[in-house]
Amino acid sequence: MAKKHVKHTEQKSDKTKSKVTTQKIIVAVVVVALLGFFIVNNFINNNEPEVEYYTFTKEGELTFTDSLGTLKAKIDIEIADNDYERQLGLMNRKEMKENEGMLFIFPLQGNQSFWMRNTLISLDILFVNDQKQIVTIHKNTKILSDQSYPATKPSIYVVEVLAGYTDKHNILVGDKINWMGTNLGNPQ
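For the sequence shown, the numbering used here begins at 6 and goes up steadily by one.
Given below as structure tokens:
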């Protein structure tokens, strides 16, 4: 009778050892898989190019007036008057105040068109002719979009402000802009 009990205890012990070994293997596989995931994820995240975010730098002031010259609104502006600045525009800006905007100055009047690639804030885009008269307004543009926002008439200046600004201040096609600043392109 004692032999049967010993044999049964040995079988139980072997099964328990086998169960414990299987559990250890499963835990080890899970740990290795998690470590592998974190290492690969960290490698991928470290190899992504870091995005440089920009902040507003006041370079002048711009006014919006109606056709009779009555002031409607005034904003602080950055001036983009070279190819690099015009291409960069308001890309990679996390925020902008309501009284801030950007004035783009082109060398020649023409058919300007803008997009919202890498632009994190929705804008109103105003196209302005060489008489400083607003000829086209695109409101509430779609962020991070390659959609084209073209002028309907030739323009030489473009003003970008926060989405909703033109409605809030009743800025319309036919209204005018004027600006003063420290950068090239100041009106005389």
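All C-beta atoms, glycine included, are put in the ideal place defined by N, C-alpha and C.
Assigned with DSSP and collapsed to three states, K29 falls in helix. When DSSP states are grouped into helix, strand and coil, Q114 belongs to the strand group. In this structure, the straight-line span from the alpha carbon of N145 to that of D151 is close to 14 Å. Per DSSP, K173 is one residue of the alpha helix (DSSP H) stretching across 170-173.
Per DSSP, the beta-bridge partners of K181 are T70, Q138. If you draw a 10 Å sphere on the C-beta of S160, you find 16 or more other C-beta atoms in it, and that means buried. Relative to the Cα of Y162, the nearest Cα in the group I142, Y170, L149 belongs to I142. Per DSSP, reduced to three states, the secondary structure at V37 is helical.
In the three-state reduction of the DSSP assignment, L125 falls in the coil class. Bounds of the alpha helix (DSSP H) holding E90 are 88-93.
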